[in-house]
Amino acid sequence: MEFAFKKVDLGMALKIAAWDYPAPYHVYNVHGSPLALAKFVDGPYFATFCDEELMGFFCYGGAAQLVGKKDNLLYQSKEYLDVGLGMHPAWCGNGYGLSFVSSGLHFAKHHGWLKGFRLTVASNNIRASKVYSRLGFQETGRIAWHSTVICDFVVMTLDSFEPAPLAAVVD
25 MEFAFKKVDL GMALKIAAWD YPAPYHVYNV HGSPLALAKF VDGPYFATFC
75 DEELMGFFCY GGAAQLVGKK DNLLYQSKEY LDVGLGMHPA WCGNGYGLSF
125 VSSGLHFAKH HGWLKGFRLT VASNNIRASK VYSRLGFQET GRIAWHSTVI
175 CDFVVMTLDS FEPAPLAAVV D
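Our numbering runs 24 ahead of the 1-based position in the sequence shown.
Right under this line is the structure:
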(Lines of atoms letter the chains of each structure in order from A; the text may use other names.)
(Lines give C-alpha, C1' and ligand atoms only; values in the text may rest on other atoms or scores of the structure.)
Protein backbone atom coordinates (compact mmCIF):
# COMPACT_ATOMS: atom_id res chain seq x y z
CA MET A 25 0.00 0.00 0.00
CA GLU A 26 1.45 3.37 -0.99
CA PHE A 27 0.77 6.52 1.00
CA ALA A 28 1.15 10.18 0.08
CA PHE A 29 1.74 12.81 2.77
CA LYS A 30 0.69 16.45 2.43
CA LYS A 31 0.82 19.28 4.95
CA VAL A 32 -2.69 19.69 6.37
CA ASP A 33 -4.54 22.68 4.91
CA LEU A 34 -7.88 24.12 6.05
CA GLY A 35 -9.94 21.87 3.75
CA MET A 36 -8.25 18.75 5.06
CA ALA A 37 -8.50 19.99 8.65
CA LEU A 38 -12.26 20.52 8.29
CA LYS A 39 -12.67 16.95 7.06
CA ILE A 40 -10.54 15.49 9.85
CA ALA A 41 -12.30 17.56 12.53
CA ALA A 42 -15.65 16.17 11.37
CA TRP A 43 -14.69 12.53 11.89
CA ASP A 44 -16.88 10.79 14.44
CA TYR A 45 -15.38 7.81 16.22
CA PRO A 46 -17.72 5.46 18.09
CA ALA A 47 -17.13 4.50 21.73
CA PRO A 48 -14.63 3.65 23.11
CA TYR A 49 -12.66 5.63 20.52
CA HIS A 50 -14.76 8.78 21.01
CA VAL A 51 -11.97 10.27 23.17
CA TYR A 52 -10.34 11.13 19.83
CA ASN A 53 -13.31 13.17 18.48
CA VAL A 54 -12.65 16.90 18.13
CA HIS A 55 -16.16 17.88 16.97
CA GLY A 56 -15.00 20.69 14.68
CA SER A 57 -13.20 22.51 17.49
CA PRO A 58 -11.73 25.81 16.26
CA LEU A 59 -8.64 25.14 18.42
CA ALA A 60 -8.20 21.71 16.82
CA LEU A 61 -8.57 23.24 13.34
CA ALA A 62 -5.89 25.82 14.13
CA LYS A 63 -3.54 23.10 15.43
CA PHE A 64 -4.11 20.93 12.35
CA VAL A 65 -3.28 23.81 10.00
CA ASP A 66 -0.51 25.56 11.93
CA GLY A 67 1.15 22.58 13.61
CA PRO A 68 3.30 19.70 12.35
CA TYR A 69 0.30 17.80 10.93
CA PHE A 70 0.42 15.81 7.71
CA ALA A 71 -2.60 14.33 5.96
CA THR A 72 -2.11 10.81 4.66
CA PHE A 73 -3.67 9.74 1.39
CA CYS A 74 -4.10 6.38 -0.28
CA ASP A 75 -5.17 6.55 -3.92
CA GLU A 76 -6.13 10.23 -3.46
CA GLU A 77 -8.47 9.36 -0.55
CA LEU A 78 -7.85 11.00 2.82
CA MET A 79 -7.02 8.04 5.02
CA GLY A 80 -5.68 9.77 8.12
CA PHE A 81 -3.07 12.09 9.52
CA PHE A 82 0.16 12.14 11.51
CA CYS A 83 1.65 14.76 13.79
CA TYR A 84 5.10 14.89 15.30
CA GLY A 85 6.86 16.36 18.33
CA GLY A 86 5.00 18.15 21.10
CA ALA A 87 1.79 18.11 19.08
CA ALA A 88 1.65 14.35 19.70
CA GLN A 89 1.85 14.68 23.49
CA LEU A 90 -1.12 14.99 25.84
CA VAL A 91 -2.14 18.60 26.37
CA GLY A 92 -1.38 19.68 29.92
CA LYS A 93 0.89 16.68 30.50
CA LYS A 94 3.96 17.70 28.48
CA ASP A 95 6.03 18.03 31.65
CA ASN A 96 5.40 14.38 32.55
CA LEU A 97 8.60 12.39 33.10
CA LEU A 98 7.56 9.93 30.39
CA TYR A 99 7.94 12.71 27.80
CA GLN A 100 11.36 14.00 28.89
CA SER A 101 13.73 11.82 26.85
CA LYS A 102 14.92 13.54 23.68
CA GLU A 103 15.90 10.14 22.24
CA TYR A 104 12.35 9.73 20.95
CA LEU A 105 10.20 11.58 18.46
CA ASP A 106 6.60 11.73 19.60
CA VAL A 107 4.18 10.52 16.94
CA GLY A 108 0.46 11.15 16.94
CA LEU A 109 -1.95 9.79 14.39
CA GLY A 110 -5.53 9.36 13.45
CA MET A 111 -7.09 7.10 10.88
CA HIS A 112 -10.42 7.89 9.24
CA PRO A 113 -13.11 5.93 11.14
CA ALA A 114 -14.16 4.13 7.95
CA TRP A 115 -10.66 2.66 7.60
CA CYS A 116 -10.31 1.59 11.25
CA GLY A 117 -10.59 -2.07 12.10
CA ASN A 118 -10.03 -3.24 8.53
CA GLY A 119 -6.43 -4.45 8.74
CA TYR A 120 -4.70 -1.30 7.49
CA GLY A 121 -3.20 -0.24 10.82
CA LEU A 122 0.21 -1.84 10.49
CA SER A 123 0.95 -0.39 7.05
CA PHE A 124 -0.56 2.97 8.02
CA VAL A 125 1.52 3.40 11.19
CA SER A 126 4.63 2.09 9.43
CA SER A 127 4.17 4.74 6.76
CA GLY A 128 4.14 7.53 9.36
CA LEU A 129 7.34 6.24 10.96
CA HIS A 130 8.93 5.87 7.55
CA PHE A 131 7.91 9.44 6.70
CA ALA A 132 9.69 10.73 9.83
CA LYS A 133 12.83 8.71 9.02
CA HIS A 134 12.73 9.94 5.42
CA HIS A 135 12.78 13.48 6.82
CA GLY A 136 15.84 12.93 8.97
CA TRP A 137 14.74 11.40 12.27
CA LEU A 138 17.39 8.84 13.23
CA LYS A 139 16.41 7.86 16.77
CA GLY A 140 13.44 6.10 18.39
CA PHE A 141 9.73 6.85 18.42
CA ARG A 142 7.25 7.44 21.22
CA LEU A 143 3.46 7.51 21.09
CA THR A 144 0.60 7.87 23.52
CA VAL A 145 -2.61 5.84 23.23
CA ALA A 146 -5.78 5.60 25.33
CA SER A 147 -5.57 2.49 27.50
CA ASN A 148 -8.92 1.25 26.18
CA ASN A 149 -7.79 1.46 22.55
CA ILE A 150 -6.87 -2.22 22.37
CA ARG A 151 -7.00 -2.24 18.58
CA ALA A 152 -4.30 0.42 18.21
CA SER A 153 -2.21 -0.99 21.07
CA LYS A 154 -2.02 -4.32 19.25
CA VAL A 155 -0.77 -2.62 16.08
CA TYR A 156 1.87 -0.68 18.01
CA SER A 157 3.03 -3.82 19.80
CA ARG A 158 3.32 -5.68 16.50
CA LEU A 159 5.65 -2.93 15.30
CA GLY A 160 7.80 -3.38 18.39
CA PHE A 161 6.54 -0.56 20.63
CA GLN A 162 6.70 -1.32 24.34
CA GLU A 163 4.82 0.31 27.19
CA THR A 164 7.01 2.60 29.28
CA GLY A 165 4.33 3.98 31.58
CA ARG A 166 0.86 5.45 31.98
CA ILE A 167 -0.49 8.94 32.42
CA ALA A 168 -3.79 9.40 34.26
CA TRP A 169 -6.31 11.57 32.48
CA HIS A 170 -9.29 13.07 34.26
CA SER A 171 -11.53 15.14 32.04
CA THR A 172 -14.93 14.33 30.57
CA VAL A 173 -13.55 10.86 29.89
CA ILE A 174 -11.63 9.15 32.66
CA CYS A 175 -9.01 6.76 31.39
CA ASP A 176 -5.29 6.23 31.42
CA PHE A 177 -3.08 6.90 28.46
CA VAL A 178 -0.28 4.47 27.73
CA VAL A 179 3.09 5.83 26.60
CA MET A 180 4.96 3.42 24.33
CA THR A 181 8.43 3.62 22.79
CA LEU A 182 10.22 1.99 19.89
CA ASP A 183 14.01 2.19 19.93
CA SER A 184 14.61 1.42 16.26
CA PHE A 185 12.49 1.14 13.15
CA GLU A 186 13.55 -0.24 9.81
CA PRO A 187 10.77 0.18 7.25
CA ALA A 188 9.91 -2.75 5.05
CA PRO A 189 11.11 -2.33 1.46
CA LEU A 190 7.52 -2.15 0.21
CA ALA A 191 6.51 0.69 2.54
CA ALA A 192 6.61 3.42 -0.08
CA VAL A 193 5.89 6.96 1.06
CA VAL A 194 5.43 9.83 -1.36
CA ASP A 195 5.78 13.47 -0.22
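Note that the Cβ used here is the ideal one computed from N, Cα and C, for glycine as well.
For residue i, the nearest candidate out of the options (CA to CA)
i: Leu34; options: Gly121, Asp66, Ala47, Met25; result: Asp66
i: Thr72; options: Ile40, Phe27, Lys93; result: Phe27
i: Lys102; options: Lys139, Glu77, Ala88; result: Lys139
i: Gly165; options: Ser157, Arg158, Val178; result: Val178
i: Met79; options: Leu61, Tyr120, Trp169; result: Tyr120
C-beta atoms of residue i and residue j nearer than 9 Å
i: Met180; j: Ser153; result: yes
i: Phe70; j: Phe131; result: yes
i: Asn9; j: Tyr49; result: Not covered by the structure: residue 9. The range shown for the chain is 25 to 195.
i: Val51; j: Ala41; result: no
i: Gly160; j: Leu182; result: yes
i: Tyr156; j: Pro113; result: no
i: Arg151; j: Cys175; result: no
First and last residue of the uninterrupted alpha helix (DSSP H) at residue i
i: Leu109; result: Segment 104-111 is the beta strand (DSSP E) holding Leu109; no alpha helix (DSSP H) there.
i: Val65; result: 58-66
i: Phe124; result: 121-134
i: Leu38; result: 34-41
First and last residue of the uninterrupted beta strand (DSSP E) at residue i
i: Ala71; result: 69-74
i: Lys31; result: 27-31
i: Leu78; result: 77-84
Buried/exposed call for residue i, threshold 16 Cβ in 10 Å
i: Asp106; result: buried
i: Leu97; result: exposed
i: Leu38; result: exposed
i: Gln162; result: exposed
i: Leu59; result: exposed
i: Gln89; result: buried
i: Trp43; result: buried
i: Ser57; result: exposed
i: Ser184; result: exposed
Test: residue i CB closer than 9 Å to a CB of chain B
i: Lys139; result: Looking at the structure shown, chain B is missing, and only one protein chain is on hand.
Beta-carbon separation (whole angstroms), residue i vs residue j, contact threshold 8 Å
i: Met25; j: Cys74; result: 6 Å
i: Leu122; j: Phe81; result: Not confirmed; about 17 Å, so no contact.
i: Ile167; j: Lys63; result: In fact, because the Cβ distance is near 19 Å, the residues do not count as touching under 8 Å.
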